[in-house]
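Engineer: The structure is given below, and queries will be raised subsequently.
Put into structure tokens, the structure is as follows:
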């Protein structure tokens, strides 16, 4: 951390800041410049809250030098993380598709979807039994009955299940039914929930919060990893900006920095990212070309009758066409569609 | 809802949309215009998901006419809501101060703060026993020991307690210790938590999410009210934008629309809104002038030694000066500081 | 346009709005619903400012149905626009590269760059003689001397020139030197400048404003087209959001809606979009996969000595490697790199 | 500036960065820490572009310590700037109202407005002769005929004129007609225009760009001041965010940092900030309480017939009521309404 002093800061004020730093058992490195003094701080910064220094007289601002995440950081752990599942492995070199309906609506549509995905060579299915809906009056999911349907689909087809956990009460049940536990956008900083899945043996798919910076997102991953669950899969799903041409602003530009700063795999959800079926295939291909490790994508046997997110779901023929175009692109990029 | 058709939409496409609307047991009102046809929809829209219509051929976009919130809406409930507490009442005509440290650090500082607030005529104290921190390595609060300290402060001074609930596990304990249960920014759309406090007898202070639209915020309030807890207090605490001169962008301009669209009281948190002690008093006065019903504000006996949020906390003399300036302003505005 | 009335609006208020609409020589279509009345408006909306209706008693809000752009709209002009230049044609089916340094620094580096680009098969070079810099103390470009250097490069190598025009004073000179006139991000809504290039015979490359919605961007294109210059090339270069992992947030998700709503070609600038050399190639490939019609990209013979934007410029070997990877991707996508 | 090295940076990479800094005639101060080395840079940073260092091997990021603005900075110029006009003085201690219609529509409405303002004790009138409109088909202002009407209003009533300049071509004419030249939001970074008004003898009212950071805004002021025009008045008018409850997000929280970092006066435009007449008075009062030096506010004799911005314009009685409430608030705040 660097404390930047006001250009008019007095020697006494500078001395006071240095003393305060030392009082926190940290080391101060004064760095006098032409117009102002800056003071570097080294030592164990996580043990104290040096932000309090911002209130001292003569201090202009604090600049952080060290990133607060450790386990999620590539500086600490250079090798890419591969998340191994019974059905497949997620990480660089492959491009993993996780497809399925927004929510479990009934057994028939889930089995139809699972059969279709298996026929296409897709090994993981997404579908929500617990649905976070912005309206209390909207369809909230089938809950435990939905989990049972998902378990049946897995038993019958061998497909892996990715499904969302919204609260600690249902953690055991979701762990039982899911191969990957999804933490939704609105819960990215639900720290109690993160601490719970940190104790799980299941990998965690961690969606980026609606307005989360990359650092906050990696800190959320850090919560899971700090509890000894190192199998975290990041998922970009669009962030909130002024831009109104799509449901969210899909931030594909986060992929290279994620790969630079972290060793964790990253998927992209072009369905929530765009909110509009017609825009999904182009963004899916762009995600592949940008270096993502896979997709989380919504498909539905009859999108126009879906109970939720129909407008952004592909139908089966549309998904098959997308898959084919992804396969053609994968080869020159040196990755395998999975 | 209004379905806007493409200017080249065929009569068959228009007929198909009308049929789909009727298939949802809704009524379609075609509205032919010079360049395109729009189709109004009336009926019980909450029972179905008309967004699926967006995927039909020839549809350009959907425009929603009706607001999705009901209980939180002033159209449904014209009279202002007053939230009555043992210590005071929150709502128009008064300007209620809720002050205290970010977190309960120890008994001594809580009792000192409570005594100070009582001496200033302030009737409600804020302080967190459970702290949502973006880093798993940062101070996470004293938890149940913190709640006990708050209970002791209330018992000794009569001051009302506002404290945050982060998860359903601790709901009973927080309900026991708190006069008002605070739901934090990161949990505004933690729907499981909202459903839990909807069953509580305590009023709920609902902070606005980091990037929540007004509609999403009122829908979160609707979750609480739909469970029969009508005592919801909104709290604006700054939103996330590109702007980097302060920790968040305090959106005081949300106050008039809140008052227009809803009957619920609204407080402002200038401490999180600015992140910097020196900027807090001006924003506190602006909140009063803008029509807010009160403040949630951080003070600390020794801000430069605070375990969290020290940079944005006022010390006691600073708070006393602010209070005096608020009292001078309140009179010409026709409100009473409480 | 649709006028949404308050649920408590009186019949008199509804009648007053209808009368006001008719007073603007427009037609009102009342649409009574279960909870409120909406009133559709048809007629020539551009002749009046119907926003004034928002102030009438009983009006809740106005919803616009018609898009305000006409010439830029695909509804009005279904066929894709191809911008024909002496050196190449920009539009669907090809992926056009426009590469070069941020600014013209001296003759030697421009000629080196032009020679290199020609050797790579690239037909258009970008370089700024007039530079919009956020600091008055930063290098502002070589101005007319810079244009002369660009003219020399074109004369010697045949390469086409894309360069920025910042003000009407220098319009004649830039027109003389450039094959394509670039309008920068900060000038997207400099309407006097747009009206000037609308009278030019040169195509216009119109960068998206820092926080422009798609509609505002297409309206800026409309300014140029309304003056009879139909050769407009859009260029996405990153927008401003809360996100801080890159210089701007490159909004690739705007490409499908641009193609849906407009017939104009769209390029992507991954250099300004990311601000960091290492992130440029992945975003360049993603732009191709997302359906863009080309790239505007910064390269420099010695990026670490560049007078501006060095951190985001590729060196020549880096660009050659990128070009090769784009060529491999182009084939399965059915486009030709140009 | 501080160069933060990667934790794995080699001694050679550190030496290369130090050499590069010295090659720019700057001084390098290595600051070794527990996990990484940072390197402070001192010297004349404006002469070179140290951003190029970001591309060197082993560099993690650059952190700027020094602010790039000088003349606009309070560190350089501690005393508040007062902008003196023939009619009044703008600066701390007074709260100056600048009111009037969005655009000059005809002579009659301008004279009526001027007479009304004079009768209320208001000394400055705003009205646009040149209007930046997002649509080329919307009313663009009366241009020179509008300036003549404004000149007549000034001659007859003595009221001061604030009007917008959109391009250098009309600079002489606007200078002639205006007491204060307004630079609009969309032109905040039109550097050619800023350099032109920097040579003017008229004060400049500089509106904040739609998504301008405080630093960019002060740098735009620096352009004007660097040309020797020190009479710059800042004006906050709402920024662009995800928030959709108002036309823009009025950022009152920028006022304390402006006062902290700069000596320039700052006004607030609650009309564009909210876009809705009913929300204007609350935001006007909040601006006064937040420490602004005045308002730029839209009024119209018949808002519902306005050619532009009618929905956000107050009528005369509404303005008179607002003025009275501001006068009551001003006294306890220790300022004088002007």
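Protein chains in written order, with this note's numbering: chain Y, 12 to 349; chain S, 12 to 349; chain P, 12 to 349; chain L, 12 to 349. Backbone N, C-alpha and C fix where the C-beta goes; we use that ideal spot for every residue, glycine too.
Sort 318/S, 309/S, 320/S, 342/S by Cα distance to residue 329/S and report the nearest one.
Structural biologist: For residue 329/S, the nearest C-alpha among the options comes from 309/S.
Engineer: Whose Cβ in chain S lies nearer than 7 Å to the Cβ of residue 293/L?
Structural biologist: What residue 293/L touches in chain S: 266, 267, 301, 302.
Engineer: Would you say residue 364/L faces chain P, with C-beta separation under 8 Å as the test?
Structural biologist: A query on residue 364/L cannot be resolved here, the shown segment of chain L reaching from 12 to 349 and no further.
Engineer: By the three-class DSSP mapping on this structure, what secondary structure does residue 52/P have?
Structural biologist: Strand at residue 52/P.
Engineer: Starting from the N-terminal side, write out each stretch of the alpha helix (DSSP H) that is 4 residues or longer and does not extend beyond the segment 130 to 173 of chain S.
Structural biologist: Listed in chain order, the complete alpha helix (DSSP H) runs (minimum 4 residues) inside the segment 130 to 173 of chain S are 155 to 168.
Engineer: Taking Cβ positions only, does residue 42/Y come closer than 8 Å to chain L?
Structural biologist: It does: the Cβ of residue 42/Y has a partner Cβ on chain L nearer than 8 Å.
Engineer: Please list, in chain order, the chain S residues whose beta carbon lies closer than 7 Å to that of residue 66/Y.
Structural biologist: By Cβ distance, chain S contributes 288, 314, 315, 321, 322.
Engineer: Please check if any C-beta of chain S sits within less than 8 Å of the C-beta of residue 104/L.
Structural biologist: So no, residue 104/L is outside the interface.
Engineer: Residue 220/S versus chain P: which residues are under 7 Å apart at the beta carbon?
Structural biologist: Those do not exist, as residue 220/S stays about 13 Å from chain P at its closest Cβ, beyond 7 Å.
Engineer: Do the segment 160 to 170 of chain Y and the segment 128 to 141 of chain Y make contact, defined as three or more Cβ pairs closer than 8 Å?
Structural biologist: Segments in contact, yes.
Engineer: With a threshold of 8 Å between beta-carbons, can residue 85/Y be considered close to chain P, or not?
Structural biologist: No, residue 85/Y does not count as interfacial toward chain P.
Engineer: At a Cβ cut of 7 Å, what residues of the segment 238 to 269 of chain S count as close to chain L, listed as they run along the chain?
Structural biologist: Correct list: 250, 252, 253, 254, 255, 256, 257, 260, 261, 262, 263, 264, 265, 266, 267, 268.
Engineer: Measure how close the beta-carbons of residue 237/L and residue 199/L come, nearest whole angstrom, since I'm counting them as under 8 Å.
Structural biologist: Not quite, the Cβ-Cβ distance comes to about 15 Å (not below 8 Å), so this is no contact.
Engineer: With respect to the beta strand (DSSP E) encompassing residue 193/P, which residues constitute its N-terminal and C-terminal limits?
Structural biologist: Run containing residue 193/P: 191 to 194, per the beta strand (DSSP E) assignment.
Engineer: At the 8 Å Cβ level, is residue 340/Y part of the contact set with chain L, yes or no?
Structural biologist: Cβ-Cβ to chain L under 8 Å: no for residue 340/Y.
Engineer: Report the rounded CA-to-CA distance for residue 67/P versus residue 268/Y, giving the unit in angstroms.
Structural biologist: Each residue's Cα considered, the two are about 50 Å apart.
Engineer: Would the segment 12 to 31 of chain L count as touching the segment 113 to 120 of chain P if we require 3 or more Cβ pairs under 8 Å?
Structural biologist: Verdict: no, contact absent.
Engineer: Please work out which residues of its chain come closer than 6 Å, Cβ to Cβ, to residue 20/L, disregarding the five sequence neighbours upstream and downstream, and give them in chain order.
Structural biologist: Once the five neighbours on either side are set aside, the close Cβ partners of residue 20/L are 69.
Engineer: List the residues of chain L that residue 297/S touches, going by C-beta distances under 7 Å, in chain order.
Structural biologist: The contacting residues are 263, 297, 300, 301.
Engineer: Cβ-heavy atom distance between residue 136/S and the ligand ATP below 7 Å?
Structural biologist: The ligand ATP is not part of this structure, which contains no ligands at all.
Engineer: Determine the DSSP secondary structure at residue 278/Y, reduced to helix, strand or coil.
Structural biologist: Here residue 278/Y sits in strand by DSSP.
Engineer: If contact is defined by three or more beta carbon pairs under 8 Å, each pair taking one atom from either stretch, is the segment 285 to 298 of chain P in contact with the segment 260 to 280 of chain Y?
Structural biologist: Yes, the segment 260 to 280 of chain Y is in contact with the segment 285 to 298 of chain P.
Engineer: What are the partner residues of residue 106/L, as DSSP defines its beta bridges?
Structural biologist: The partner list for residue 106/L (beta bridge, DSSP) reads 348/L.
Engineer: With a Cβ-Cβ cutoff of 8 Å, do residue 205/Y and residue 244/Y count as a contact?
Structural biologist: No, the pair does not count as a contact, with Cβ atoms beyond the cut-off.
Engineer: Please report the straight-line C-alpha distance between residue 233/Y and residue 89/Y, rounded to a whole angstrom.
Structural biologist: When rounded, the distance between both Cα atoms is 16 Å.
Engineer: Across the segment 142 to 160 of chain P and the segment 75 to 84 of chain P, are there enough close Cβ pairs to call them in contact, namely three or more that are closer than 8 Å?
Structural biologist: Result no; under three Cβ-Cβ pairs closer than 8 Å.
Engineer: Could you compute how far the alpha carbon of residue 213/P sits from the alpha carbon of residue 278/P?
Structural biologist: About 17 Å.
Engineer: Note down, in chain order, every chain L residue with its Cβ under 9 Å from the Cβ of residue 285/P.
Structural biologist: Ordered by position in chain L, no residue passes the 9 Å Cβ test against residue 285/P, which lies about 12 Å from the chain.
Engineer: Please list the partners that residue 337/L has in chain P, where partner means a Cβ-to-Cβ separation under 9 Å.
Structural biologist: Per Cβ cutoff of 9 Å: no residues; residue 337/L is ~22 Å from chain P at best.
Engineer: Just the C-alpha distance for residue 283/S and residue 257/S, rounded to the nearest angstrom, thanks.
Structural biologist: Each residue's Cα considered, the two are about 9 Å apart.
Engineer: If you check the beta carbons only, do residue 276/Y and residue 255/Y fall under 8 Å apart?
Structural biologist: No. Outside cutoff.
Engineer: How is the beta strand (DSSP E) around residue 305/S delimited, first residue to last?
Structural biologist: Taken as a continuous stretch (DSSP letters only), the beta strand (DSSP E) holding residue 305/S covers 305 to 309.
Engineer: Judging by CA-CA distance, which residue of 228/L, 225/L, 184/L is the nearest neighbour of residue 207/L?
Structural biologist: When only C-alpha atoms are compared, the closest one is 184/L.
Engineer: Using the C-alpha atoms, what's the distance from residue 109/S back to residue 142/S?
Structural biologist: Cα to Cα, the separation comes out at about 18 Å.
Engineer: Rounded to the nearest angstrom, what separates residue 271/S and residue 162/L at their Cα positions?
Structural biologist: Those two C-alpha atoms are separated by around 40 Å.
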